[in-house]
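Notes follow once the structure below has been shown.
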Amino acid sequence: MIWLVRHGETEMNRQGRFQGRLDAPLTELGEAHALKVGAHLRALMQTEGGAWSLDASPLGRTRRTAALIAEQTGLEVRRFDDRLAEVDFGDWEGLDRDGIVALRPDLAGFTKFFLRNPNGETHAQLSQRVRSWMDEALATPDQRIAVSHAGVGRMMRGLVLGLAVEELRELDTPHDVIFRIGEGRVDRFECAPLPSAGVGR
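If you read the sequence shown in numbering that gives the first Met the number 0, its first letter stands for residue 0, the second for the next number, and so on.
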């Protein structure tokens, strides 16, 4: 099984900016997100049993989130894996919605911009690398925790559920929810309530 979590809220999330391969520190709320997720994972480890391992994206925000989860669970990060890194948003990295619309006025009527980005990673490229990591993770008997990003999380859930790109855009990407992925299904585990940024990548 895969246990998917998103990094805690960052300063760029708070500002509503697309981070992609850029980075920003976790906010105080983001640190709280990571600690709450880690505590919930610790409880799940106790109830589910078996061997558990932890992989994370190599970007700074996921490294910090993974470190806080490791503190809570007693696990060490097995691998910082490039396949779990956020989508490369190309020309949109660092921009908010207004900045994107300034570049692309034709998108002014859209509220969902995921994978519409120019000069960045495509749906096919993202799908290939995420599927590669998932196939490897699901082939092991371990319960595998993945600390990743909004875009990768959308794709991971979409691959299991057979979603089209338009449906991927509608998936929520909370910082304080754990998704269990495997056996053709996605289960959602809500952590203790915390306010969520609701924006950013």
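Where a beta carbon is used, it is the ideal one built from N, C-alpha and C, also for glycine. None of these values were measured; they are calculated from a predicted model.
Residue i - DSSP class collapsed to helix/strand/coil
i	result
residue 70	helix
residue 185	strand
residue 36	helix
residue 9	strand
residue 55	strand
residue 83	helix
residue 114	coil
residue 106	helix
residue 191	coil
residue 25	strand
residue 145	strand
residue 3	strand
Buried or exposed (CB count within 10 angstroms, at least 16 for buried), residue i
i	result
residue 184	exposed
residue 18	buried
residue 7	buried
residue 197	Unreliable positioning characterises residue 197 in this predicted model, as indicated by a pLDDT of 42, which lies under 50. The coordinate reading is nonetheless provided below. Flag for residue 197 reads exposed.
residue 33	buried
residue 46	exposed
residue 72	buried
residue 35	buried
residue 182	exposed
residue 187	exposed
residue 149	buried
Beta-carbon proximity check, residue i vs residue j, cutoff 8 Å
i	j	result
residue 120	residue 146	no
residue 53	residue 132	no
residue 60	residue 25	yes
residue 177	residue 4	yes
residue 126	residue 94	no
Residue i, enclosing alpha helix (DSSP H) - first and last residue
i	result
residue 18	First-last for residue 18: undefined, no H or E at that position.
residue 134	122 to 137
residue 153	149 to 160
residue 93	Careful: residue 93 lies outside any alpha helix (DSSP H) and carries neither H nor E.
residue 167	164 to 167
Residues of its chain near residue i, where Cβ-Cβ distance is below 8 Å and the 5 sequence neighbours each way are ignored
i	result
residue 162	156 and 170
residue 90	102, 116, 117, 118 and 119
residue 75	53 and 69
Nonlocal neighbours in the same chain, by C-beta distance under 6 Å from residue i, ignoring five residues either side
i	result
residue 194	Residue confidence for residue 194 is low, a pLDDT of 48 falling below 50, so the modelled location carries little weight and cannot support an answer.
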